[in-house]
Amino acid sequence: MDAYLLKKDFPVLDDKTLVYLDTAASSLKPKQVIKKLDEYYEKYSVNVHRGVYSLSYVATQLYEESRRKVSEFINADFDEIIFTRGASSALNLVATSYGLNNLTSEDEIIVSELEHHSQVLPWQNVSNITKAKLIYVPLNKEGRITVENFKKVLNKKTKVVALNYVSNVMGYVSPIKEIIRLSHEVGAVVSVDAAQAAPHMRIDVKDLDCDFLAFSGHKMLGPTGIGVMFGKKELLKDMPPIEFGGDMNDNVNLYDASWKDSPYKFETGTPPIAGAIGLGAAIDYLNNLGFENISTHEKKLKDYAVEKLLKIEDIIVYNKTSETGIITFNIAGVHPHDAVTFFDGDNICMRAGHHCAQLIIKWLEVVATLRVSFYLYNTIEDCDKFIESVKNARDFFKSVGF
Amino acid sequence: MDAYLLKKDFPVLDDKTLVYLDTAASSLKPKQVIKKLDEYYEKYSVNVHRGVYSLSYVATQLYEESRRKVSEFINADFDEIIFTRGASSALNLVATSYGLNNLTSEDEIIVSELEHHSQVLPWQNVSNITKAKLIYVPLNKEGRITVENFKKVLNKKTKVVALNYVSNVMGYVSPIKEIIRLSHEVGAVVSVDAAQAAPHMRIDVKDLDCDFLAFSGHKMLGPTGIGVMFGKKELLKDMPPIEFGGDMNDNVNLYDASWKDSPYKFETGTPPIAGAIGLGAAIDYLNNLGFENISTHEKKLKDYAVEKLLKIEDIIVYNKTSETGIITFNIAGVHPHDAVTFFDGDNICMRAGHHCAQLIIKWLEVVATLRVSFYLYNTIEDCDKFIESVKNARDFFKSVGF
Amino acid sequence: MRDLEVLYRQVIMEHYKNPRNKGLLNDSTYKTIHIKNPTCGDDITIQSKIEDGIVKDVRHDGTGCSICCSSASVMSETLIGKTKTDAKNITETYLNMLTNKEFDESVELEEAVVYRGVNKFPARIKCASIAWKAFEGTLEESE
Amino acid sequence: MRDLEVLYRQVIMEHYKNPRNKGLLNDSTYKTIHIKNPTCGDDITIQSKIEDGIVKDVRHDGTGCSICCSSASVMSETLIGKTKTDAKNITETYLNMLTNKEFDESVELEEAVVYRGVNKFPARIKCASIAWKAFEGTLEESE
Ligand SMILES: Cc1ncc(COP(=O)(O)O)c(C=O)c1O
Ligand SMILES: Cc1ncc(COP(=O)(O)O)c(C=O)c1O
C-alpha cells in the first residue's frame, strides 16, 4: 500500500499543502466512490423496488448488490443488513426497537463513559422511559474498558450491553469479543458501536457473535447520509419497525397493516439509494487495499507522531498506548480552539472540542482536547508537518502570553 | 420554458429513445445538481458543525445555506426546517414526536384513503398506541377529499389532521388551505404530506398556515437520502427529539442531558450533508424556471395525453379531472404488470402497482393500476410515443388472447 | 416486441385463461405456503400433498399478472404425480433456468420450459418464480 | 501567522489573563442570559443591570477560548456607564463589523474594535460574538 499513490485518488488532496487529520470525524472520498455516485445519477437515477421497468430493475440490483457487499464486509447474512441515515440512526434503531420493547425497571443496561453520544444517549432515553438502570463500566486508569472491570458490573440483571469497538477519542480497541461472550452467559444482548472500527479493521460479526452492530458510510470513504445497522436474524424477526410507510409493509388496511420481513421492515420510504451504492464502492476500495495494510499504516504514523509529540515540552498526550490512528492531546495552558486556528493557518485540519463524547472529556478532567486521526491517505510527511506545526503553535502561544 | 432544451440538462435522457414517465416515483437529476454533489465530495468533503478549521467551516456554511434556501422555498423560518432521510422519515417524525406525546384515547386523527402509506401508517401506529381514533374523510365519487366531506368528520375531538397536498395516485390537489383553517377552528394541528406538491407548485407555509409539512429531495431533482420536515416554531419547541446522539445535545451528564434548540434537536449525528447541499441546488434550478411555467407545462402534457387516451378503446382513466401531471389508468382485462413490460419494451418508464397507496387502489376496486407522471423534461413527443405505445399494447394483448 | 409475443403466445395465455388445479382446499394433509412479490404485489398461495414420496396434488390461488398466475397452473400440472425427489429436482432446475444460472438441461421441465423466455425480462423473473418458491416451501414443511 | 499574532498580541491576551467584571451576582436586579457555542462548546453567561436608561453593570462568567472569554471582559468595560441606547447601538455595530456586514464606522467601539481582526478567521466569529449576543438578550429581557 503506497499512501503517496493513494493520495491521488482523493480530489480534496489536490491541494498539496493540505494535511487532513480529521478522518475520525469524516473521511475524504476517493474518485472511485464519487464516480459511482455520478454513475447512478447520470445513468439510472430512478427509484428502487417499485418499478417493473428496466432502469428501475438496474437501480434495484445495484442497491441490493451493495447490501450484499456490506453483508460480506462484516460476514453477516444479506437480510441482516439494514440501511440507515448513519451510525447514529442505526444505534437509535437498536435502542428504540429492541430496548424500548424488551426492558423493564428490573433490568440493567451497561454503557461506558468512553461512548460517543450516539451510543450512550439512546440508552439514557431507554433508561428514562423503561426505568431500566444505566450502569457505567468503570474505566481503568488509562481510560480503557477492561474485561476485569466489565465483570464487576455484569450480572443476571444485565439485559443490554452497549459499548464501542473503537473509541473515537482515545482510539482504544475494546475487548469486545470477550465482553460479548461474558454477556451472553448472563443472557444479555450486545450492541456494538463500530463507527470507528469499520473504516480501520476487519469486522466479523459471526466471530464476534455480537447481536447488533452499527457504522457509518462517510467515515470509511463512503458518502454522507448512509449507515448500517446489523442485527441477528432471530432478533430482528421479533423487533417492531419504528418508521412506518411506503415499501416496508405487506398488506395495508384501514385500521391495520402487516410488515415485510427484515431488512425491508426497517427501511420505509425511498432509501438513500445513491448513498448505499456509494458505500458499496467504498467497500470495494477498502477490500482492494486490505485492512491489514491499512491498520499497519495508520499505527505506524500514529506511533511516529506520538513519539515526536512526547518530546515537545508542554504537550499532553491522553492516549499514548492506543492501538489505532487517533491521538488526543493538548498544549498545556492553551484552549484547543485557540490552538486549532493556528493549525488551520498551516492548512492542517484537525479537531478541537469534546468530539461528541463529553463523558470521556469530563473523565479526563479537561474542557476539551485536540484530536488528530490518521488514515490510509496520510504519510510520514503529513506527520512531520503536523509535528512542526505543533512546535510552532506552542512557541507562538507562549510568545503572546498564554 | 423549453422542455427540449431542458432535456439536455438530464444525463439519463442522453438516451434519446427513453421516455421517462415515472417522476412521481423519483425525478431525474440535472447536471447542475450532480455537479454540486461532486463539488462537495471533491473540494470540502468534511464534517459540519464540528470542525473549527476552514474546510469544515465552508462545508457547514453550505449545509446551512441549503437550509436557508429550503426555508425560503416554502416561506418558512430558518429554524423551522429539519433535514431528514426523506418524506417518509419526516412524516414519521411528526407522528412519533408530536402524535405519541399529545394524543389520548379521547382524541381523533383525521386521515384519508387517498394517502400514501408514509402518511397514513405512522398515524395508524399512533392510533394503536394512544388509542386515539383514526377517522377517514369519506372521498367523493371522483376519489377526492372535499371540504364538504371534511366537515362531516371534523369535530371538537379532532386533534390531528394528516392529509396530502397532492395525491400520488390521483394527482388531485387537496383543498388544504380551507381544511387547515377549519381544523384550527377546533384546535387541531394539520400535518401536510407535500411530497407530490413540492416538485410542482409554489408552497407557502405561512399562507397555508399549516403546522407541519414534509417532502423529499429525490422527487424534485434533488439527491436521494434527503427530505424536509417543516414544523411551526412554537410546536417544535415543545416536541421531544426522537433520535439521540451527537450534535443534537447541549450538555451531557451520566444520567441526563439537555438538547439544543430546533432544528438541531431533531438532527442527530452526521447529517446527509451532500444530500442537503444537492437539494439546495435543485431548488435553485426550480426557482430559475419558476413554478408557474412548470405546472402549466405539466398540465398541458397531461391534458393532451388524457384526451388521446380517452379515445382509445379499452382504456380506463381513473383521474380525468386531476389538476397535475399524473394519469392513473388501466388497459381493460390486462394486468398492469403485464402491460408495463410492453411499455418497457418501447423504452417507456412507467409505474405499475399500488404506488404505496393500497387504500385508494382498494377504493378504486382494482388490483393495481398503471401510472404515468409528467415533469418539466417531458415533451409532446413523449406523449405521442406514450399514446402510440398504449395503442400497440392494447392491440398486442388482445391479439394474444387477453 | 418479438420476445414478448413468443412468451405470451405460448402456454402462458392458455393457462392464464384456464388455470388448472386452481382453488385451495381446507384439508390438513396439504401443506400451505403464501408468498407475495414485494415489488409488484403479486400474491400467491400454494398447497401440496405428498404421500408415500409422491406429489399427490398441487393447488394454487391468488392474484397477479399472467406470468405469475399461469406459472402456478403450469407448475401444478408438471409436478402432480412426480416423486418428491423428481419434483424437487425439477423445481431447482426451473429456478436455475430462470435466473440464468447453470442448469441440468437433461431434466424434463415439460411445459414449464416456455418460461425460459422470461429471462429476457429480468424485472419479471420474480413473477415466474414465486409459485415455484412457494412449492419448495411446502416441501420443506412436509419434511 | 501574522493575522493571528496581531489579533492575540493586542487587547485579547490582556483581558484573557486578567478578565474585568468577572463572576456572576445573585441579584435579582440583574438580567441573566446563558449562551453556548454549539460548534465548540464555549459556554458563557452574561448579566446586566440597567437603571434609569443607563447600563450600570455588566458581569460575565463561563469557559471558552481566549477570544470568547476576552471579548466578554472587553464588552463589560466598553458598555458599563453607557446609556442603554448607546449600548444597543455599539453592540449592533460590533456584531455587524464581525460578520463583514456594513457598519457605522462613526460608532466608537473603544477597545472592542480589535476584534475586527477576527473576520480573517470565519470559524471563530461565533467565539467573538456570543458574549455580545447574550448581552443583547439581557437588554431584551429588561424591556
Ligand atoms: C404523496 C407521497 N407521500 C410520501 C411519499 C414518500 O416519500 P419518500 O419515499 O421519498 O420517503 C411519496 C413518495 O413515494 C409520495 O408520493
Ligand atoms: C464512535 C462513534 N460512534 C458513533 C458516531 C456517529 O456517527 P454518525 O455521525 O455518522 O451518525 C461516531 C461519529 O461521529 C463515532 O465516532
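Residue numbers (the working numbering), protein chains in the order written: chain A, 738 to 1139; chain B, 738 to 1139; chain C, 7 to 149; chain D, 7 to 149.
Heads up, the beta-carbon is just placed ideally off N, CA and C, and yes, glycines get one too.
Small disclaimer: the values here were computed from a predicted structure and weren't measured.
Any C-beta of chain C under 7 Å from that of residue i
i: HIS853(B); result: no
i: TYR781(A); result: no
i: THR1078(B); result: yes
Close-in-space but distant-in-sequence residues of the same chain around residue i (CB under 7 Å, 5 per side omitted)
i: LEU958(A); result: SER764, LYS766, PRO767, VAL770, ALA1019, TYR1022, LEU1023
i: LEU1026(A); result: MET738, LEU1113
i: ALA118(C); result: VAL80, MET81, THR84, TYR100
Residues that DSSP places opposite residue i in a beta bridge
i: ASN986(B); result: TRP996(B)
i: GLU1050(A); result: According to DSSP, GLU1050(A) bridges with nothing at all.
i: GLN53(D); result: THR38(D), ARG65(D)
i: ILE1117(A); result: ILE1117(A) is not bridged to any residue.
i: VAL848(B); result: TYR873(B)
i: LEU1107(B); result: PHE1066(B), ALA1089(B)
i: ASP941(B); result: According to DSSP, ASP941(B) bridges with nothing at all.
i: VAL884(A); result: BP columns for VAL884(A) are empty, so no partner.
i: PHE820(A); result: VAL965(A)
i: THR1007(B); result: Per DSSP, none; premise fails for THR1007(B).
Chain B contact residues for residue i, given Cβ-Cβ distances below 8 Å
i: GLY982(A); result: SER825, LEU828, ASN829, HIS853, HIS854, SER855, GLN856, LEU858, PRO859, CYS1093
i: THR69(C); result: VAL1104
Partner residues on chain C for residue i, Cβ-Cβ distance less than 7 Å
i: TYR790(A); result: ALA129
Any C-beta of chain A under 7 Å from that of residue i
i: LEU1113(B); result: no
i: ARG15(D); result: yes
i: SER79(D); result: no
For residue i, the three-state DSSP class (helix, strand or coil)
i: HIS21(D); result: helix
i: LEU900(B); result: strand
i: LEU31(C); result: coil
i: MET81(C); result: helix
i: LEU950(B); result: strand
i: PHE1112(B); result: Here residue 1112(B) turns out to be Tyr, not Phe, going by the sequence shown. Looking at TYR1112(B) - three-state DSSP - the assignment turns out to be coil, as it is neither helix nor strand.
i: VAL756(B); result: strand
i: MET966(A); result: strand
i: PHE810(B); result: helix
i: THR1061(A); result: coil
i: THR1191(A); result: No statement about residue 1191(A) is possible, as the shown extent of chain A runs from 738 to 1139 and does not include it.
i: SER76(D); result: helix
i: ASP1021(B); result: helix
Proximity test, Cβ basis, 7 Å: residue i and chain D
i: VAL989(A); result: no
i: GLY1090(A); result: yes
i: ASP705(A); result: Residue numbering for chain A in the displayed model covers 738 to 1139; residue 705(A) lies beyond these limits and cannot be assessed.
Spatial neighbours of residue i in its chain, beta-carbon cut-off 8 Å, leaving aside the 5 residues before and after
i: LYS1122(B); result: VAL756, ASP1083, ILE1085
i: ALA1042(B); result: ILE1064, VAL1109, PHE1111, CYS1120, PHE1123, ILE1124
i: LYS773(B); result: ILE1014, GLY1015, GLY1017, ALA1018
i: HIS1072(A); result: VAL1104, ALA1105
Interface partners of residue i on chain A, CB under 7 Å
i: ASP950(B); result: Here the sequence assigns Leu to residue 950(B), which means Asp is not the residue at that position. Near LEU950(B) there are no residues of chain A at all, since even the closest Cβ is about 16 Å away, more than 7 Å.
i: TYR121(D); result: By Cβ distance, chain A contributes nothing, its closest Cβ being about 14 Å from TYR121(D), past 7 Å.
i: ARG787(B); result: ALA762, ARG1088, GLY1090
Residue i: contacting residues in chain D (beta-carbon distance under 8 Å)
i: GLY1070(A); result: Within chain D, no residue comes near GLY1070(A); the closest Cβ sits about 11 Å away, beyond 8 Å.
i: TYR794(B); result: PRO128, ALA129
Interface residues of chain D facing residue i [CB-CB closer than 9 Å]
i: PHE747(A); result: Those within 9 Å of PHE747(A) in chain D number zero; the least Cβ separation is about 22 Å.
Partner residues on chain A for residue i, Cβ-Cβ distance less than 8 Å
i: GLY880(B); result: Near GLY880(B) there are no residues of chain A at all, since even the closest Cβ is about 15 Å away, more than 8 Å.
i: LYS62(D); result: The contacting residues do not exist; LYS62(D) stays about 31 Å from chain A at best.
Nonlocal neighbours in the same chain, by C-beta distance under 6 Å from residue i, ignoring five residues either side
i: LYS914(A); result: LEU945
i: SER920(A); result: VAL898, VAL927
i: THR38(D); result: GLN53
i: THR833(A); result: ILE979
7 Å Cβ cut-off: residues of chain B touching residue i
i: LYS42(D); result: ASP987
Amino acids of chain C, ordered along the chain, whose beta-carbon sits closer than 9 Å to that of residue i
i: VAL929(B); result: Per Cβ cutoff of 9 Å: no residues; VAL929(B) is ~27 Å from chain C at best.
Interface partners of residue i on chain C, CB under 8 Å
i: VAL1137(B); result: GLU11, TYR14, ARG15, MET19
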